[in-house]
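> One structure is given below, represented as structure tokens, and several questions about it will come after.
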Amino acid sequence: MQFFSSDFKLGILGGGQLGKMMLYETRKWDIQTKVMDASPEAPCKIACNEFVQGSLMDFDTVYAFGKDVDVLTIEIENVNVDALEKLEHEGKTVYPPTKTLRTIQNKAVQKLFYTDHGIPTAPFTRFAYTSEIEDSINNGGLSLPFVWKSAQFGYDGQGVKVVRKMEDLKELPNVECIAEKMIDFKNELAVVVARNSKGEVKTYPVVEMEFHPEANQVEYVICPARIDDAVAKKAQEVALKVSEHMKHVGLLAVEMFQTKDDQILVNESAPRPHNSGHYSIEAAYTNQFEQHIRAILGLPLGKTDSKVAGIMVNLVGAEGHTGDVIYENIEKILEMDGVTPHIYGKKQTRPFRKMGHVTIVDENMARAREVAQQVKETIKVISK
Numbered sequence: 001m002q003f004f005s006s007d008f009k010l011g012i013l014g015g016g017q018l019g020k021m022m023l024y025e026t027r028k029w030d031i032q033t034k035v036m037d038a039s040p041e042a043p044c045k046i047a048c049n050e051f052v053q054g055s056l057m058d059f060d061t062v063y064a065f066g067k068d069v070d071v072l073t074i075e076i077e078n079v080n081v082d083a084l085e086k087l088e089h090e091g092k093t094v095y096p097p098t099k100t101l102r103t104i105q106n107k108a109v110q111k112l113f114y115t116d117h118g119i120p121t122a123p124f125t126r127f128a129y130t131s132e133i134e135d136s137i138n139n140g141g142l143s144l145p146f147v148w149k150s151a152q153f154g155y156d157g158q159g160v161k162v163v164r165k166m167e168d169l170k171e172l173p174n175v176e177c178i179a180e181k182m183i184d185f186k187n188e189l190a191v192v193v194a195r196n197s198k199g200e201v202k203t204y205p206v207v208e209m210e211f212h213p214e215a216n217q218v219e220y221v222i223c224p225a226r227i228d229d230a231v232a233k234k235a236q237e238v239a240l241k242v243s244e245h246m247k248h249v250g251l252l253a254v255e256m257f258q259t260k261d262d263q264i265l266v267n268e269s270a271p272r273p274h275n276s277g278h279y280s281i282e283a284a285y286t287n288q289f290e291q292h293i294r295a296i297l298g299l300p301l302g303k304t305d306s307k308v309a310g311i312m313v314n315l316v317g318a319e320g321h322t323g324d325v326i327y328e329n330i331e332k333i334l335e336m337d338g339v340t341p342h343i344y345g346k347k348q349t350r351p352f353r354k355m356g357h358v359t360i361v362d363e364n365m366a367r368a369r370e371v372a373q374q375v376k377e378t379i380k381v382i383s384k
């Protein structure tokens with residue numbers, strides 16, 4: 001099939017920043033795109049060939065959208081998988097495959113998948129409803145503290161809560177969930193694995209994530225991770241094992257904990273471009289978005305090595321600010337060497353909403369980390 005400067009049409013479900021950054025690559029190669037999102041203001045709207053406003057969870061809408069494209073991919077997991085399954089049965093190419101999506105969409109199913117396939121992960125208990133947890137604690141089946149995770153529709157720190165005392169349960173929605181043992185970890189790591197439709201597989205270097213203590217959101221992604229080679233090798237091996245069993249096509253971002261005794265435990269996976277791979281736009285030979293396009297179209301995978309050390313800083317809405325967005329001091333960060341801001345195109349800010357990111361590249365990791373700190377302290381995402 002001729003993908004470039006042709007009638008070939010790539011469909012993307014979800015029109016957020018991940019889709020927008022994927023579209024940088026499709027435009028580079030002149031691949032036609034059609035995107036669907038529920039929001040008329042979706043960041044993708046300006047960059048695709050065709051934009052459809054519609055619900056990603058509605059069967060008929062997703063099915064009709066998929067019928068009209070040659071290959072269908074996602075930039076968000078919360079989509080109607082039944083519609084994708086029907087399209088797949090009818091011979092439509094859907095990547096990641098619906099089997100992978102079904103496994104990942106539900107955190108309880110995802111965790112069971114790891115235990116079933118001998119992939120190390122934190123011990124957990126599955127509950128049909130949050131209300132069942134109290135009984136389990138009273139009967140000694142579960143002990144505090146633990147991490148509560150909603151089985152579905154969680155993202156960016158939503159649907160995740162550390163439960164330290166019984167009162168914490170009262171604030172939680174009564175939904176299917178898991179209670180996960182709290183892991184005393186040294187580092188949070190991630191590995192992005194690319195797998196194309198012909199079975200070629202490549203991994204990106206291990207990255208390290210520094211989190212915001214309150215928002216449960218990543219503040220910095222650091223590549224390469226500042227860890228021993230032996231730990232990095234183990235992390236890549238575990239990520240490859242997840243990839244092999246998931247049989248995904250496209251990208252798979254595997255988030256992990258490095259425990260105090262240097263064991264690797266898988267936290268969760270995402271079958272798409274991921275926040276932990278944004279650094280690659282400036283720092284790697286092949287960025288994650290180009291790699292995703294290569295993978296789903298069955299093209300040879302690109303080189304995943306970094307050219308230079310890279311750190312990514314997430315730009316999130318400042319607390320106390322809701323409304324039309326202003327990026328304060330953006331000129332000041334542009335004065336710094338090796339700094340590239342990416343603004344996602346969301347017109348409205350709210351506290352902790354992801355509005356953009358900034359990449360800092362430098363031959364010297366320590367220097368890159370210092371500049372990242374300066375960037376973090378300088379630029380502010382506020383409202384008018």
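Here the sequence shown is numbered in UniProt numbering, starting from 1 and rising by one per residue.
Positions of the beta carbon are idealized from the N, C-alpha and C atoms, including for glycine.
Bear in mind the structure is a predicted one, so any value in this text is a computation, not a measurement.
Note down, in chain order, each residue of its chain lying with its Cβ closer than 7 Å to the Cβ of Cys48, except the 5 sequence neighbours on either side.
Hits under 7 Å: Leu23, Thr33, Lys34, Val35.
> Per DSSP, what kind of secondary structure is Pro43 in: helix, strand or coil?
In the structure shown, Pro43 sits in a helix (DSSP, three-state: H, G or I).
> Do you know how far the Cα of Glu50 is from the Cα of Ile222?
Going by the C-alpha atoms only, they are around 35 Å apart.
> Using three-state DSSP, classify Lys149 as helix, strand or coil.
Looking at Lys149 - three-state DSSP - the assignment turns out to be strand.
> For Asp362, count neighbouring Cβ atoms within 10 angstroms of its own Cβ and tell me buried if that reaches 16, exposed if not.
With 16 or more other Cβ atoms within 10 Å, it is buried.
> Which residues in the same chain have their Cβ closer than 6 Å to the Cβ of Leu299, if we skip the five residues on either side of it in sequence?
Hits under 6 Å: none found.
> Note down the Cα distance separating Ile264 from Ser6, rounded to an integer number of angstroms.
Whole-angstrom Cα-Cα distance: 45 Å.
> Write down every uninterrupted run of the alpha helix (DSSP H) in the stretch 309-368 whose length is 4 residues or greater and which is fully enclosed by it, in chain order.
Taking only runs of at least 4 residues, the alpha helix (DSSP H) segments lying wholly in the stretch 309-368 are 330-334.
> Return the chain-ordered list of same chain residues with a C-beta closer than 7 Å to the C-beta of Arg350, the five sequence neighbours on each side being excluded.
Same-chain partners within the cutoff: Gly317, Thr322.
> With DSSP as the reference, label Phe59 as helix, strand or coil.
Note: Phe59 maps to helix in three-state DSSP.
> Does DSSP classify Val201 as helix, strand or coil?
The answer is strand: DSSP assigns Val201 an E or B state.
> Taking only the alpha-carbon atoms, compute the straight-line gap between His117 and Ile74 and give it to the nearest angstrom.
The straight-line gap from Cα to Cα measures roughly 25 Å.
> What are the boundary residues of the beta strand (DSSP E) that Phe211 is part of?
First-last of the beta strand (DSSP E) with Phe211: 207-211.
> Taking Cβ to Cβ, would you say Phe65 is nearer than 9 Å to Gly11?
Closer than 9 Å, so yes.
> Under the three-state reduction of DSSP, which class applies to Phe185: helix, strand or coil?
Phe185: strand per DSSP, three-state reduction.
> Contact between the stretch 298-315 and the stretch 160-171: three or more CB pairs below 8 Å?
With a cut-off of 8 Å, the stretch 160-171 and the stretch 298-315 do not count as touching, because too few Cβ pairs lie within range.
> Using the C-alpha atoms, what's the distance from Asn196 back to His245?
Distance between the alpha carbons of His245 and Asn196: 15 Å.
> Give the range of the beta strand (DSSP E) segment to which Met22 is assigned.
Met22 -> not in any beta strand (DSSP E); alpha helix (DSSP H) instead, spanning 17-28.
> Applying the criterion that 16 or more other CB atoms from any shown protein chain within 10 Å of the CB defines a buried residue, is Tyr114 buried or exposed?
Counting Cβ neighbours within 10 Å, Tyr114 comes out buried, since at least 16 surround it.
> Cβ atoms of Gln217 and Asn314: under 9 Å apart, would you say?
Going by C-beta atoms, Asn314 is nearer than 9 Å to Gln217.
> Cα-Cα, which of Ser150, Asn287, Val192 is closest to Ile133?
Measuring from the Cα of Ile133, the nearest candidate turns out to be Ser150.
> Note down the Cα distance separating Ser269 from Glu331, rounded to an integer number of angstroms.
C-alpha separation (whole angstroms): 36 Å.
> Per DSSP, Ser383 forms a beta bridge with which residues?
Looking at the DSSP assignment, Ser383 forms a beta bridge with Val325.
> Judging by CA-CA distance, which residue of Gly250, Asn275, Ile227 is the nearest neighbour of Phe257?
It is Ile227 whose Cα lies nearest to the Cα of Phe257.
> Would you check if the distance between the CB atom of Leu101 and the CB atom of Val81 is smaller than 9 Å?
Result yes, Cβ atoms of Leu101 and Val81 sit closer than 9 Å.
> Evaluate Met1 with the Cβ neighbour count: other Cβ atoms within 10 Å of its Cβ, from every protein chain shown; 16 or more gives buried, anything less gives exposed.
Per the 10 Å Cβ criterion, exposed.
> Heavy atom of the ligand ADP less than 8 Å from the Cβ of Leu142, yes or no?
Inclusion of the ligand ADP in the displayed structure is not the case, the ligand content being empty and no account of it being possible.
> Where do the ends of the beta strand (DSSP E) carrying Glu50 lie?
First-last of the beta strand (DSSP E) with Glu50: 50-53.
> Between Ile333 and Thr378, what straight-line distance do the alpha-carbon atoms span, to the nearest angstrom?
Distance between the alpha carbons of Ile333 and Thr378: 7 Å.
> Residue range of the beta strand (DSSP E) that Gln32 falls in?
Run containing Gln32: 32-37, per the beta strand (DSSP E) assignment.
> Per DSSP, which one or two residues make a beta bridge with Arg126?
Beta-bridge pairing links Arg126 to Ile178.
> Would you be able to state if there are at least three C-beta pairs under 8 Å between the stretch 117-132 and the stretch 84-99?
Judged by Cβ distances under 8 Å, the stretch 84-99 makes no contact with the stretch 117-132, as fewer than three pairs qualify.
> For Arg195, name the three-state secondary structure that DSSP assigns.
Looking at Arg195 - three-state DSSP - the assignment turns out to be strand.
> When the Cα atoms are used, what is the spatial distance from Glu282 to Gln288?
In a straight line, the C-alpha of Glu282 is about 11 Å away from that of Gln288.
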